[in-house]
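Note sheet for the following structure.
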Amino acid sequence: MKGNDVITAIKRKLRLRTDQKLSERIGISVPAIQLWKNRTKVTARQFAEMVHRASLAGANNLQTNAICPIVEFFRIDKCSSRGGAGFEVFTEKDGNDRHGDPIIHPYRNGLKEELKKHFGVYVFFDSRGQAIYTGKARQQKLWKEINLAFNRDRGEVQKIKRVNHPQRRQAYRTSDQQARQITDNLVSLHDIAAYFSAYQVVDGMIDDLESLLVRSFANDLLNIRMERFTRHRN
């Protein structure tokens with residue numbers, strides 16, 4: 085087999101068009117790829133060396149790109165979603181100009197676009213910076229999944245003790261006129277979350293990374309399910 089045939093077949097299989105892209109993927113320099121193209125015959129030893137280098141490059145790429153922070157401890161600025169059906173963790177709008185048109189905040193807009201591009205895992209924190217909920221975005225992108233969790237009915241899981249003060253217009257009553265008890269109250273995640281972090285994660289690691297986070301902080305998080313690692317789920 086000729087070297088050029090080998091390089092062409094690998095490019096086709098990996099759907100790569102240039103020698104530079106192939107170099108980055110399999111860990112062989114562009115000049116070395118050119119030498120491969122000029123070979124009239126490829127020996128078994130030469131082919132084995134290429135496979136070995138590609139294996140090392142693949143492992144290195146995985147270590148480098150497996151988990152990439154998108155944002156960490158970003159302060160939540162709760163706002164109504166479109167249509168007012170729920171809430172979003174923040175808005176990219178930063179007021180209006182003199183014509184009444186919305187002003188777009190470049191940092192928040194850029195962050196929102198990144199969250200809309202990637203899958204991964206996310207963590208919500210309370211006002212003290214303590215993790216209270218972690219989840220994964222594997223079927224849909226981070227932005228959508230984060231906001232779904234932000235609004236999700238949590239049932240009996242999230243309860244805090246507080247006093248139910250009247251919301252309608254009425255006179256204040258002293259404690260000898262009316263005692264207001266401290267009772268258990270159900271709260272939504274959007275009522276207690278103050279910060280969030282989000283991480284882009286390669287597909288094969290999303291489930292296990294979520295499981296690691298949930299199981300590592302089992303006594304602190306408000307997650308209902310105690311997620312299992314992939315090999316234990318069947």
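Just so you know, we're using the working numbering here: the sequence shown kicks off at 85 and counts up by one. All residues carry an ideal CB built from backbone N, CA and C; glycine is no exception.
Closest by C-alpha distance to residue i, when choosing among the options
| i | options | result |
| --- | --- | --- |
| residue 156 | 302, 206, 99 and 85 | 206 |
| residue 122 | 136, 98, 96 and 91 | 91 |
| residue 236 | 107, 147, 170 and 303 | 170 |
| residue 147 | 299, 289 and 297 | 289 |
DSSP three-state assignment for residue i, whether helix, strand or coil
| i | result |
| --- | --- |
| residue 256 | coil |
| residue 248 | coil |
| residue 229 | helix |
| residue 285 | strand |
| residue 92 | helix |
| residue 304 | coil |
| residue 114 | helix |
| residue 51 | Examination of residue 51 is not possible in this model, given that the chain is present from 85 through 318 alone. |
| residue 162 | coil |
| residue 311 | coil |
| residue 215 | strand |
| residue 173 | coil |
| residue 100 | coil |
| residue 200 | coil |
| residue 326 | For the chain, the structure presents residues 85 to 318; residue 326 sits outside this window and is missing. |
Proximity of residue i and residue j at Cβ, strictly below 9 Å
| i | j | result |
| --- | --- | --- |
| residue 301 | residue 209 | no |
| residue 134 | residue 112 | yes |
| residue 226 | residue 202 | yes |
| residue 230 | residue 219 | yes |
| residue 151 | residue 283 | yes |
| residue 87 | residue 114 | no |
| residue 287 | residue 182 | no |
| residue 186 | residue 177 | yes |
| residue 160 | residue 277 | yes |
Residues near residue i by beta carbon distance below 6 Å, same chain, minus five either side
| i | result |
| --- | --- |
| residue 175 | 163 |
| residue 216 | 208, 210 and 306 |
| residue 293 | 205 and 285 |
Cut-off 7 Å between Cβ atoms - residues of its own chain near residue i, not counting five sequence neighbours on either side
| i | result |
| --- | --- |
| residue 137 | 110, 111 and 112 |
Cutoff 8 Å; reference residue i; Cβ partners in own chain excluding five residues on either side
| i | result |
| --- | --- |
| residue 245 | 266, 267, 268 and 269 |
| residue 228 | 200 and 221 |
### Query
Can we say the stretch 160–167 touches the stretch 262–271, given the rule of at least three CB pairs closer than 8 Å?
Not touching, per the Cβ criterion.
#### Entry: Stretch pair the stretch 192–204 + the stretch 305–317: three plus CB contacts closer than 8 Å
By the C-beta criterion, the stretch 192–204 is judged not to be in contact with the stretch 305–317, since fewer than 3 inter-stretch pairs fall below 8 Å.
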